[in-house]
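Before any comments, here is the structure.
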Amino acid sequence: MSKFKKKKGGELPAISTASLPDIVFMLLFFFMVATVMRQNTLMIENKLPVADQVEKLDKKDLVMYIYAGKPSSRYQSSAGTQARIQLNDKFAEVSDVKAFILAEREAKREELIPFLTTALKVDGNTNMGLVGDIKKELREVNALKINYTTRTGDVGQNFQ
Amino acid sequence: MAKRAAPEVNAGSMADIAFLLLIFFLVTTTIETDSGISRKLPPIPEENVEPPVLKEKNIFVVELNKNNDLLVEETPMEIKDLREAAIKFLDNGGGAGDDACTYCRGAKDPSSSDNPDKAVISLRNNRETNYATYIAVQNELVAAYTELRNREAQRLYNTSFVQMEKDLTDVNYVGSKEKLKEKVKKIQALYPEKLSEAEPKK
């Protein structure tokens, strides 16, 4: 009658850790999928205004980004407190916009150039003068398709 | 009761569970895409070309001053009323003869716009205007056009214009995309977006 022989000693057996890699990989994959890659490190405040009549900007390779806003507190000592333009990773002047657009075009295939869109990511608290200057530069290099990038939501939030 | 050692849990199916979760998250998460108001800038006018002369009544002047106040046709207005005022202007259809608008449902006021094709909204802003306010105004004006287009799409094709545009980019849309494209173009022609932006005042 020793079929149900009891093991000696009451200590718990070690929990198998063989599945730990699976869990880790799962988390890894999840974050890989869910994260948005930022092309540029922002050196300016960039709280976008809100709108509800928006269109999606698909085809990320056909979009050129122009940022504008007040320099963030880290850069205020060197760049001042007035709203500035940021192209790629550095502050730029209005006159640099043209060169930037031409350089971006150069990097794209020729047949795609008519479909290029310029996304203006401008902080809500910027004066229109700067935006107007950017638009004027864009018109001069014939980059006419623009998109005022916004957050989606009720317009009333703009006035809070 | 004798003490019994806990049996080892079989971890062989753990990987299956992990993959199940992984696939679930893969399917449900979407990478965030930017969205915004798309506009087309006017090309720089060629020299020696006279700008077309527009009748005063066909221009709807929207002005934003440096204190972010909205002036519509030189009278102050709240932003929430702008959409309605723009619709009223665009849909007026006060023209006669060749300029008559058969589908407009507006007041047919002879002192307002002739037809949507002639009606131009002129947006002026000051250099000091706040960008967020400007976007809010742009948004309302685009909304006015969309509302009118929705109405016409409902009347002609029994669907909304927004839905038609959505179908146009939808890969699962059943039916001819060519035909849909034509329909979208037709609606756009009924209420063409004519938004002119003057250079900001100093």
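Chains A and B are the protein sequences, given in the same order. Using the working numbering, the final residue of the first sequence is 160, and nothing's skipped along the way. Using the working numbering, the final residue of the second sequence is 1202, and nothing's skipped along the way. Each residue gets a CB set at the ideal place from its N, CA and C atoms; glycine is no exception.
Uninterrupted alpha helix (DSSP H) stretches at least 4 residues long and entirely within the segment 78 to 155 of chain A occur at 96 to 107, 128 to 140, given in chain order. Secondary structure in the segment 1091 to 1129 of chain B: the beta strand (DSSP E) runs of 3 residues or longer, each lying completely within the stretch, are 1120 to 1125 in chain order.
Here A:Y75 really is in contact with A:M43; their C-beta atoms are around 5 Å apart, less than 8 Å. Closest in alpha carbon position to A:Y65, among A:A92, A:S77, A:T152, A:T81, is A:A92. In the three-state reduction of the DSSP assignment, B:Y1145 falls in the helix class, which pools H, G and I.
Closest in C-alpha terms to A:S73, from the list A:N46, A:V63, A:I101, A:V50, comes A:N46. Excluding the 5 residues flanking it on each side, A:D96 has same chain C-beta neighbours closer than 7 Å at L87, in chain order. Taking B:A1096 as the centre and dropping the five residues before and after it, the same chain places no C-beta closer than 6 Å to its C-beta. Listed as beta-bridge partners of B:R1039 by DSSP are A:I146. Considering only B:A1006, B:L1156, B:V1137, the residue with the shortest C-alpha distance to A:I15 is B:A1006.
Interface with chain A (8 Å Cβ-Cβ cutoff): B:K1003 is included. Contact check between the segment 1035 to 1044 of chain B and the segment 1090 to 1105 of chain B: fewer than three CB pairs, one atom from each, fall below 8 Å, which does not count as touching.
Taking the beta carbon of B:L1041 as reference, the chain A residues within 7 Å of it are K135, L138, R139, L144, I146, listed in sequence order.
Per DSSP, B:E1197 is one residue of the beta strand (DSSP E) stretching across 1195 to 1197.
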